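Participant:
Numbering (the working numbering), first residue to last: 1 to 333.
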């Protein structure tokens, strides 16, 4: 059988037709409306209490992926936008943590803390302010927020000590911690003990005689402190909520895991940092960062563990912690 040659012009013409059809198909796909339902689309925006488009799209994609895999049956999923301000001033907290339940058409935006980071004085400063987060990372002991895909897992409730109420009653403080398991750059979330919990802690600890307490040690002593609510502050890299919100969220995911997507990832930070370094505006681009916080922080930065962990390890060697002291005995009121 003899093969007949095809004129080069015809081949080139056919190739142009194929390319044109491909481009047209991609352009058509790009023009397709989002499959986000109208009730949920109404919550999309960059204002306080709204969720930005890219954050919602990624959170939905993660949730759908895990549902398809059979890893999630929970009807709700979570998202967090760590580029938004956590403190709006005058006692008002920014709502940047989202609870989305599409089956019941429910959307809630609540406050949440971000990782405070650390200032290793004389070495490197990767700390964050109360309002906006400039530094992100996944290094051990960095106390930084790492964006990306997470799933909620087991709940651990632990006794922290006693505190006194206004009615002069001593109450046992037990805090529940929801462990997160991450993927990609957030894959070491369990090793970092990253999870979610109420933004409460006991300060000014001392030991008090209470031999009848089930939490008493062999000397009949229990820890006692002052209960502090830091919902408007920073965390050690975990996701922290107000006590009321924490109770609701923990009830939702206890024995029923779901997904959490935290924005931004390192790729987002790198792209925005590059644009900021060139003094380029993000408007008219596919890049996103909360405008108020970007103006405040200047250029965001992601600290990868391979870079930051050796610095932290060396700092610990050069600045060994003082020997731990026993918790003092309380001075009875």
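Where is the CB? At the ideal position from N, CA and C, for every residue including glycine. Please read all numbers here as calculations on a predicted model, not as lab measurements.
Can you tell me which residues form a DSSP beta bridge with residue 218?
Facilitator: Residue 218 pairs with nothing; no bridge assigned.
Participant: Which term fits residue 253, buried or exposed, when burial requires 16 or more other beta carbons within 10 angstroms of its beta carbon?
Facilitator: By the neighbour-count rule (16 or more Cβ atoms within 10 Å), residue 253 is buried.
Participant: Need the endpoints of the alpha helix (DSSP H) that residue 292 sits in, please.
Facilitator: Run containing residue 292: 291-297, per the alpha helix (DSSP H) assignment.
Participant: Checking 8 Å against the spacing of the C-beta atoms, do residue 187 and residue 180 come in under that value?
Facilitator: No, the Cβ-Cβ distance between residue 187 and residue 180 is not below 8 Å.
Participant: Taking residue 178 as the reference, give the member of 263, 272 and 153 with the closest Cα.
Facilitator: Checked all of 263, 272 and 153; the closest Cα to residue 178 is 153.
Participant: Would you mind sorting residue 295 into buried or exposed? The rule is 16 or more other CB atoms within 10 Å of its CB.
Facilitator: Exposed, since its Cβ has fewer than 16 Cβ neighbours within 10 Å.
Participant: Between 169, 71 and 53, which lies nearest to residue 36 when the distance is taken from Cα to Cα?
Facilitator: Of the candidates 169, 71 and 53, the one whose C-alpha sits nearest the C-alpha of residue 36 is 53.
Participant: For residue 164, which three-state DSSP category applies?
Facilitator: Of the three classes helix, strand and coil, the one that applies to residue 164 here is strand, per DSSP.
Participant: Confirm, please, whether the CB-CB distance from residue 144 to residue 115 is below 8 Å.
Facilitator: Cβ atoms of residue 115 and residue 144: closer than 8 Å.
Participant: Just to confirm, is the Cβ distance from residue 309 to residue 151 under 8 Å?
Facilitator: Contact: no.
Participant: Pull up the distance between the alpha-carbon of residue 203 and that of residue 331, whole angstroms please.
Facilitator: Approximately 15 Å, taken between the alpha carbons.
Participant: Just how far apart, CA to CA, sit residue 132 and residue 84?
Facilitator: So the two alpha carbons sit approximately 7 Å from each other.
Participant: Roughly how far, in whole angstroms, is the beta-carbon of residue 146 from the beta-carbon of residue 250, given that I think they are within contact range, below 8 Å?
Facilitator: Contact flag wrong, Cβ pair sits at about 22 Å.
Participant: Using a threshold of 8 Å, state whether the C-beta atoms of residue 241 and residue 97 are closer than that.
Facilitator: Yes, the Cβ-Cβ distance between residue 241 and residue 97 is below 8 Å.
Participant: Can you give me the C-alpha to C-alpha distance between residue 328 and residue 207, rounded to a whole angstrom?
Facilitator: Approximately 6 Å, taken between the alpha carbons.
Participant: Let me check understanding here. Comparing Cα to Cα, which of 229, 312, 227 and 107 lies closest to residue 118?
Facilitator: Here the closest residue by C-alpha is 312.
Participant: Measure the C-alpha to C-alpha separation of residue 164 and residue 171 and round it to an integer number of angstroms.
Facilitator: Whole-angstrom Cα-Cα distance: 6 Å.
Participant: Tell me the rounded alpha-carbon separation between residue 72 and residue 66.
Facilitator: Approximately 6 Å between the Cα atoms of the pair.
Participant: May I ask which residues mark the beginning and end of the beta strand (DSSP E) holding residue 266?
Facilitator: Residue 266 -> not in any beta strand (DSSP E); alpha helix (DSSP H) instead, spanning 266-277.
Participant: I'd like to know whether the C-beta atoms of residue 78 and residue 299 end up nearer to each other than 8 Å.
Facilitator: No, these two residues do not count as a Cβ contact at 8 Å.
Participant: Can you tell me whether residue 239 is buried or exposed, with buried defined as 16 or more other CB within 10 angstroms of its CB?
Facilitator: By the 10 Å Cβ count, residue 239 comes out buried.
Participant: Figure out for me which residue from 216, 142 and 225 has the closest Cα to the Cα of residue 302.
Facilitator: Minimum Cα distance to residue 302 is reached at 142.
Participant: Take residue 318 as the anchor and find which of 220, 121 and 47 has the nearest alpha-carbon.
Facilitator: Comparing Cα positions, the closest option is 121.
Participant: Under a three-way DSSP split, which group does residue 23 fall into?
Facilitator: Bear in mind that the predicted position of residue 23 carries a pLDDT of just 38, short of 50, making it unreliable; the figure below should be weighed with that in mind. Residue 23: helix per DSSP, three-state reduction.
Participant: I'd like to check one pair, residue 228 with residue 201: are the Cβ atoms closer than 8 Å?
Facilitator: Yes. Within cutoff.
Participant: Whose C-beta lies closer than 6 Å to the C-beta of residue 247 among residues of the same chain, with five residues either side of it excluded?
Facilitator: Closer than 6 Å at Cβ, skipping near neighbours: no residue.
Participant: Nearest-angstrom Cα distance between residue 216 and residue 226?
Facilitator: Cα to Cα, the separation comes out at about 18 Å.
Participant: In three-state DSSP terms, what is residue 66?
Facilitator: In the structure shown, residue 66 sits in a helix (DSSP, three-state: H, G or I).
Participant: Rounded to whole angstroms, what's the CA-CA distance from residue 193 to residue 266? Just pull it up for me.
Facilitator: Rounded to the nearest angstrom, the two C-alpha atoms are 20 Å apart.
Participant: Residues in the same chain with beta-carbon distance under 7 Å from residue 230, minus the five sequence neighbours each way, listed in chain order, please.
Facilitator: Same-chain partners within the cutoff: 199 and 201.
Participant: If we ignore side chains and look at the alpha-carbon of each, how far apart do residue 57 and residue 289 end up?
Facilitator: The alpha-carbon atoms of residue 57 and residue 289 are separated by roughly 15 Å.
Participant: For residue 162 and residue 210, what's the separation of their Cα atoms in angstroms?
Facilitator: If you take the alpha carbons of residue 162 and residue 210, they lie about 10 Å apart.
Participant: Since residue 138 and residue 126 should fall inside the 8 Å C-beta cutoff, what is the C-beta to C-beta distance between them, to a whole number of angstroms?
Facilitator: Going by Cβ atoms, the distance from residue 138 to residue 126 rounds to 12 Å, so no, they are not a contact pair.
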